[in-house]
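As given, the protein sequences belong to chains A, B and C, one line each in that order.
Mapped onto this note's numbering, the consecutive letters of the first sequence carry residue numbers 4 to 418.
Mapped onto this note's numbering, the consecutive letters of the second sequence carry residue numbers 134 to 631.
Mapped onto this note's numbering, the consecutive letters of the third sequence carry residue numbers 15 to 171.
Glycine residues also receive a C-beta, built at the ideal position from the N, C-alpha and C atoms.
Structure first, commentary second.
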Amino acid sequence: MTVPAATLLPLDAISFRLPSYISRGGYDAARRTLLSKKPGEVMEEVKRANLRGRGGAGFPAGSKWAFVPPEDGRPRYLCVNADEGEPGTFKDRAVMTRDPHLLLEGILIASYAVGVHTAFIYIRAEYEAVARRLETAVEEARAAGFLGLNVFGSGFDLDVLVHRGAGSYICGEETALLESIEGKKGWPRLRPPFPAAVGLFRAPTVINNVETIANVPLVFRDGAEAFASRGLPRDGGTRLFGVSGAVRKPGLYELPVGTPLRRIIDEWAGGPAEGQTIKAVCPGGLSAPFLTPDELDVAMDYESLARAGSMLGSAGIIDIGDRTPMIEVLRIVTRFYAHESCGQCTPCRIGTTWISKVVDRMAAGGGVGGDPALIRRLAEGMKGRTLCPMGDAAAFPVLSILAKFEKELLETVSK
Amino acid sequence: MAMAEVNLEIDGQALRVPAGTTVLKAAERLGIVIPRFCFHPAFEPEGSCRMCLVEIEGLPKLDLACSTVAREGMKVRTATPRVLQARRDVLEFLLADHPLDCPICDKAGECFLQEYYGAHGRYPSAFLEVKEKRAKKVPLGKALLLDRERCVLCSRCVRFLRKVTKTGELGIFERGVRSEVGLDDGVEVGNNYSGNLVDICPVGAITDKDFRFKTRAWFLRNGRTVCPRCGRGCAIVVQSVCGYPLPGDLRKVYRIVPAENPAVNGYWICDRGRYAVRDIEEGREERIMVKAGGEAAAMPLTWDGAMKALAADIRGAAAAGRPPRLGVVLTSLLTNEELETARQVFVESLGVTAVHFADPAPGEADGLLLTSDRAPNRRGAEALGFAPRPPDLAALTGAVDVLLVFGPHLLERVPLEEAARAFAGIRRTWLFSARRSPLDGLADVVLPTVLSEEKAGSFTNVDGLRQRFEPALRRPQGCRPEGRILADLAAALGVKAD
Amino acid sequence: MSFVLSSEAKARIDGLVRRYPEKPAALLPVLHVIQREQGRISPEAVEWVAAALGVPALRVREVLSFYSLLRREPAGRYVIQVCRNISCSLAGADDVLARLEARLGVKAGGTTPDGKFTLLAVECLGNCDHAPCLMVNDDDHGPVTPGLVDRLLEELP
């Protein structure tokens, strides 16, 4: 199967080692950029490419970099978010496993643009094998003069540290990630101040997702316009869509931003699993509101999904087949957020657990008629009220399941 | 340069506040108290309890009053249906797992959860699940007990120990719903400020064994005064019960808590001052006593009789020589007003030169509030021209016939044998003390006085700040303030005293 | 009990500490080095790390209790993490877990009496296109079936 849009992760067999990357023109974009462009020009080019964050919020990468205040004597840091804890998401693993130097080249360009001399890749500890591969790549790049002091003779220095998490979903939240790097519990920080002003070690900090940074070399290899033209007017490039759940061919598919969800499922993931029809789809990692089969023509971009009442998130598409009771889906969703709540703020700490207990009781046959309404009320009590976005993440899928599958849930209760 | 100010509107009322003021503090200027658990004015906003959410015009989500800084033109609403719903929801979350033990909880009556439930809750319970079981009697050290079922994880206690005492004995362990406040391994909260944890706990999670199950908060009478236990002069509230539920009109002091005083102690007091409750209640001089078999044994045991005898003694000593054969040992536990009267009577009018002081022995300062000076009014005494130094008893012997000693602290400054020897050589020694001490056995007459908590007056603290106070407690029957004794004495002697 | 680390581990820790702009930031990496060598973070290790990084021991304990992959108790030689999140659950993770529990004779969370296996039911491992998936120590496996579980267990020395 050919994927015309596979510009980020080529489908042909590639090696993760440096010679392979160099043979594919690797580090050329970074060399040209560091030797010929000013940091401000690099930011402008990324803005023109309409590269948006691939982590979930979709914030334009160039603008995010531009938030870092002018030089004030403090160091600046780049943190690449490789925590990838969002259930149904495995794209960053693929990028780092298959082409770690692509990420490093992106880090090099981004660091140059922002004035960063120490970059961190915060990777979840479960990705130990991937982390080792990254460390090997860092060593290769350093030996080749692509990292370290005076990169390409440009006078620019950069060190990259691979920093492992230790088992906590919330550390994918950007301020929890900073706390975690600083050697603390992953308790998100109260904002303001925002990380661009006061971030890692109290210094201005940019936090970008792996896929976002991995796209940066493409912007400079192919040009901002070419990059932008692969996507939508305000959302350049391709996306790595991960498809899992009740489909014939679960996998990672690189397609243009805005590809309709139904096409991804039917044409690329082979359609619903044997003997099943699709009952619900979570389009952007578990915290995205679920869609019903009649909503699958939605284009997979931030705005279209927002209009459809969901979100693109991490673009991890989870298909639920008709054999799976929604109470079971709800049980897994609510258990997950209760397990991962950091415990710092009230609505999330107690809301996630309370909802999970109600759902467990329902799933065990002890439900009562008021349970769906109670769950809805509790989820509303978390939505928009927590210290970090996790309250929303925990509430959205629950609210969508209640809204769209209430009848089925009520049947669970009455049985 | 004038400080920059911003104009904003809260619940339709316009106000101007200094730039940097938070919405919560701006609202307080209008008398609007926004409910909170984690916010405490001594600390940076924490933002974790989510109780103080308010509506800010133009913003889609509710925002924290505790951390949001007022901006020019900002319009804040603190009581819209959305805000009230959010408060109710936070309460419902916090109370879902909360034990229903208000009837036996010491915090009842001053508990934020209770207060807010009354104001913003009042919903039927929807919690059908099994509540989390947690440890209910975790000793934290000294008098503190932690009840984890009552804890709302506001982290005030943790932050107090990190930011104020910088001792860091407590942390929050685990995560999610299993998060719990706990001690570091092998330590306990042993610092001199432990009791503040009870005060700043907004619920009944940290309680004080000293106060536990003793009375109810609503029976307490608050009397604000200045702590007399060191030179700092912290503002304190002495909490006592008088009458019901005690029989008759018995008085019992239950608690000493800090009063807010930004100029001196902020929000805190030390444990030395706090746990002085027993010192107020116990070991008090209760009646006039005269030494058995002594010359004074014939003196009538009434205040009138004692005062007549005292005046007669002083007249005799004054008549016996110039300067009078009278020694006076004052104490920096006396108020400025009392010391002034003493100065007028003894120094100005009678010309006594043998004026000395017997203050509590100095101790270790703790670097925070507790000073090494353990008397509350040493600076006041100095300002009146006294040199608050202990007497040379050997020099007194033979030089005086009558010795007046104020306060029970003389034996902290001179050895007992030396005092006994000196007293034996003096015709009559009068002790004025609120507290019993070994000195009682040496004095010919002991007159029971009152503690500063039972007086009005002023102290001047180590920084030279003069602080007035009113009686925080009713004084015990049969005891008289030194100020009155001195004034009566002046009248009896016919000397001038204001 | 005293705390002894191999010279390799000590060298790794020294290297880590030097690379971080602030010492306490090396906390998680240092804990990983210790756990890899000793199988867990003992109370003695907590004190040692706290002193080495200049952080209160309390903070190390807080961290230790917060992160699910840091262990205060020793685990088996093989730690098997079975994903039970949505994609794996849809693909039969429950059957995989049930087979492992039956074969090992321990429930999720338990360690076999011979100290060989620790079985854990965990949330998403980020390997959803290979659902149901599991990890044996650092190695990913998936899609696994109850039958493959049997083979896998037999192949582990």
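One or two residues paired with residue i in a DSSP bridge
i, result
"Arg165/C", "Answer is none; Arg165/C lacks a bridge partner."
"Ala85/A", "Ile126/A"
"Lys385/B", "Val374/B"
"Asn398/B", "Paired residue(s): none; Asn398/B is not in a bridge."
"Met149/C", "Gln95/C and Asp154/C"
"Gln146/B", "Ile143/B"
"Pro419/A", "Not covered by the structure: residue 419/A. The range shown for chain A is 4 to 418."
"Leu258/A", "Arg242/A"
"Ser566/B", "Pro581/B"
"Gln600/B", "Phe592/B"
Rounded straight-line distance, which links the Cα of residue j to that of residue i
i, j, result
"Glu615/B", "Gly590/B", "11 angstroms"
"Asn394/B", "Gly597/B", "15 angstroms"
"Pro160/C", "Leu134/C", "16 angstroms"
"Glu481/B", "Thr474/B", "10 angstroms"
"Gly611/B", "Glu419/B", "7 angstroms"
"His173/B", "Ala392/B", "14 angstroms"
"Leu543/B", "Phe565/B", "12 angstroms"
"Leu107/A", "Val163/A", "8 angstroms"
"Phe339/A", "Cys147/C", "17 angstroms"
"Met134/B", "Ala152/B", "Reliability of the predicted coordinates at Met134/B is poor, the pLDDT of 48 falling under 50, and the value obtained from them is presented with this limitation in mind. Taking the straight line joining both Cα atoms gives about 14 angstroms."
"Thr355/A", "Lys269/B", "24 angstroms"
"Trp190/A", "Ile184/A", "12 angstroms"
"Pro509/B", "Ala198/B", "40 angstroms"
"Val250/A", "Thr280/A", "9 angstroms"
"Leu14/A", "Trp271/A", "14 angstroms"
"Thr340/B", "Arg283/B", "11 angstroms"
"Val69/C", "Ala567/B", "49 angstroms"
"Gly254/B", "Thr349/A", "16 angstroms"
"Leu286/B", "Gly29/C", "38 angstroms"
"Leu258/A", "Glu74/A", "38 angstroms"
"Leu537/B", "Val578/B", "10 angstroms"
Beta-carbon proximity list for residue i, same chain, < 6 angstroms, skipping 5 on both sides
i, result
"Lys208/B", "Glu142 and Glu190"
"Glu243/B", "Ala350"
"Val260/A", "Gly234, Leu235, Asp238, Arg242 and Asp304"
"Ala231/A", "Ala52, Asn53 and Gly239"
"Arg34/A", "Phe155"
"Tyr408/B", "none"
"Asp404/B", "Asn325, Ser327 and Gly328"
"Glu176/A", "Pro191 and Cys391"
"Arg98/C", "Ala107 and Ala135"
Residue i beta carbon near the ligand MG (any heavy atom closer than 7 angstroms)
i, result
"Ser258/B", "Inclusion of the ligand MG in the displayed structure is not the case, the ligand content being empty and no account of it being possible."
Other residues of its chain near residue i: CB distance less than 7 angstroms, five sequence neighbours each side excluded
i, result
"Phe245/B", "Phe170, Pro335 and Val336"
"Gly106/C", "Pro146"
"Gly531/B", "Gly558"
"Val71/A", "Arg79, Val117, Ala199, Pro207 and Val209"
"Phe539/B", "Val462, Leu463, Thr464, Leu467, Phe565 and Glu615"
Residues of its chain near residue i, where Cβ-Cβ distance is below 8 angstroms and the 5 sequence neighbours each way are ignored
i, result
"Arg77/A", "Arg205, Ala206 and Pro207"
"Thr211/B", "Ile143, Asp144, Ala160, Ile165, Ile167, Val187, Glu188 and Ala198"
"Ala382/A", "Gly354, Ile358, Ala397, Ala398, Val401, Leu402 and Leu405"
Integer-rounded CB distance, given that residue j should sit under 8 angstroms from residue i
i, j, result
"Pro456/B", "Thr435/B", "Not confirmed; about 31 angstroms, so no contact."
"Ile100/C", "Val332/A", "7 angstroms"
"Leu472/B", "Leu463/B", "7 angstroms"
"Glu129/A", "Leu139/C", "5 angstroms"
"Asp192/C", "Ser247/A", "This structure cannot settle anything about residue 192/C, because the visible part of chain C is limited to 15 through 171."
Task: beta strand (DSSP E) runs contained entirely in the segment 6-80 of chain A, provided each spans 3 or more residues - done: none
Task: Secondary structure, beta strand (DSSP E): runs of 3+ residues fully inside the segment 306-365 of chain B - done: 313-316, 339-341 and 354-359
Task: beta strand (DSSP E) runs wholly inside the segment 108-171 of chain A, at least 3 long, in chain order - done: 121-126, 151-154 and 159-167
- [ ] Taking only runs that begin and end inside the segment 202-232 of chain A, name each unbroken beta strand (DSSP E) of 3 or more residues, in chain order.
- [x] 208-212
- [ ] Return the chain-ordered ranges of every alpha helix (DSSP H) run that is complete within the segment 264-327 of chain A and spans a minimum of 4 residues.
- [x] 305-310
Task: Whole beta strand (DSSP E) elements within the segment 199-234 of chain B, 3-residue minimum - done: 207-210
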